[in-house]
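> Let me give you the structure first, and then I'll get to my questions.
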Amino acid sequence: MLKATFQGHSCVSITDGEQNIIIDPFLTGNPQATVKAEDIKVDFILVTHGHGDHLGDAVEIAKRNKATIIAPNELAIYVQKQGAEAHNMHIGGAYEFPFGRVKLTIAHHGSAAGDGLEYTGNPCGFLITMDGKTVYHAGDTGLFYDMKLIGEMNDIDLAFLPIGDNFTMGVTDAVKAVEFLNPKIVVPIHYKTWPVIDAEPTEFADKLKGSKTRVIIIEPGKSLEI
Ligand code: NI
Ligand code: MN
Numbered sequence: 154m155l156k157a158t159f160q161g162h163s164c165v166s167i168t169d170g171e172q173n174i175i176i177d178p179f180l181t182g183n184p185q186a187t188v189k190a191e192d193i194k195v196d197f198i199l200v201t202h203g204h205g206d207h208l209g210d211a212v213e214i215a216k217r218n219k220a221t222i223i224a225p226n227e228l229a230i231y232v233q234k235q236g237a238e239a240h241n242m243h244i245g246g247a248y249e250f251p252f253g254r255v256k257l258t259i260a261h262h263g264s265a266a267g268d269g270l271e272y273t274g275n276p277c278g279f280l281i282t283m284d285g286k287t288v289y290h291a292g293d294t295g296l297f298y299d300m301k302l303i304g305e306m307n308d309i310d311l312a313f314l315p316i317g318d319n320f321t322m323g324v325t326d327a328v329k330a331v332e333f334l335n336p337k338i339v340v341p342i343h344y345k346t347w348p349v350i351d352a353e354p355t356e357f358a359d360k361l362k363g364s365k366t367r368v369i370i371i372e373p374g375k376s377l378e379i
C-alpha cells in the first residue's frame, strides 16, 4: 500500500511504510504548505525542474537527510554543485532505485534556477512504480499528445496533474490529459497557490463526472492511500 500526501502546490510525499520520497519539495515560502522543510524525513527527492516553486528546499532536505536528489541531468549537476547528492537522469530513461522505478517523461515548460536563471536543462514529469503501484507526477507542463502514449504504455493508478493555467495546463486541457492518461485516480495540483493560478478543482471534478477516472481533491497536508 502506498500513502501519498499532498504538501501543497506541486509537492507530494509518498511512502510505502519503509521508503520515503518527496517530489518537488517547495515548502519554505509555499503559502499552502502545512509542514516545514526541516521536518521532512526522506530517502530520495525527485525534482521535475529548476523553478523555485519545485526545486524549493530540495538541497537542504537532501543534505540533512543524506538523501539523493533524482533530477534531469543539468538540474542534478546544479544541485551537486551545491553539495547535494544527486542521481542524473534524462527524459525517456528509467532506473531502479531501492524504493522503486523512476522514468522521466517529457514536460513542455521551462527550467532555470536561481536569480541568475542558471540553465537546468529540460523539465520533466515522473512515472514512479513503487510497491506495485504506478504514480504519474506531470510536473509543470502544457497538454501534450504523448500523454496518450504514456496512458497506453502504463497502467496509472494515481496521477498528479497541474490545473492552474497561466504556467501549466488549465482545467479544460487537464480534463483532456485525463482522457489520454486514463488513470484510476487523478489529483489536481498547482492551483490557488497565488491569484494568477486561481483555478477551481471542483470545476475539474465536475467536467470529469461520468469518466472512468475518479477525481480526488486533497487539501494540503492530507493524504490518500492506494
Ligand atoms: Ni515551473
Ligand atoms: Mn510551477
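Positions 154 to 379 (my numbering) are the ones given, in order, by the sequence shown.
Glycine residues also receive a C-beta, built at the ideal position from the N, C-alpha and C atoms.
Fair warning: this is a prediction, and the values are worked out from it, not measured in the lab.
Which residues neighbour the ligand MN when neighbourhood means a C-beta less than 5 Å away from any of its non-hydrogen atoms? List them by chain order.
For the ligand MN, the selected residues are 206, 293.
> Pull the bridge partners of residue 277 from the DSSP assignment, please.
DSSP output for residue 277 lists 259 as bridge partner(s).
> Between residue 196 and residue 250, what straight-line distance do the alpha-carbon atoms span, to the nearest angstrom?
Cα to Cα, the separation comes out at about 10 Å.
> Are the beta-carbon atoms belonging to residue 294 and residue 331 less than 8 Å from one another?
Not closer than 8 Å, so no.
> Are there three or more Cβ pairs, one per stretch, closer than 8 Å when the segment 199-216 is compared with the segment 158-165?
Contact between the segment 199-216 and the segment 158-165 is present, because at least three Cβ pairs lie under 8 Å.
> Are the segment 278-290 and the segment 247-261 touching, with three or more C-beta to C-beta distances below 8 Å?
Verdict: yes, contact present.
> Is it the case that the CB of residue 313 approaches a heavy atom of the ligand NI more closely than 7 Å?
Checking every heavy atom of the ligand NI against the Cβ of residue 313, none is found closer than 7 Å.
> Would the beta-carbon of residue 320 be found less than 7 Å away from any heavy atom of the ligand NI?
Residue 320 Cβ: within cutoff of the ligand NI.
> Where does residue 195 fall in DSSP's three states?
Coil at residue 195, not helix or strand.
> Can you tell me which of the three DSSP states residue 358 falls into?
Here residue 358 sits in helix by DSSP.
> Can you look up residue 232 in the DSSP assignment and give me helix, strand or coil?
Helix, per DSSP.
> Let me check understanding here. Comparing Cα to Cα, which of 335, 341, 320, 204 lies closest to residue 270?
Closest option to residue 270, Cα to Cα, is 204.
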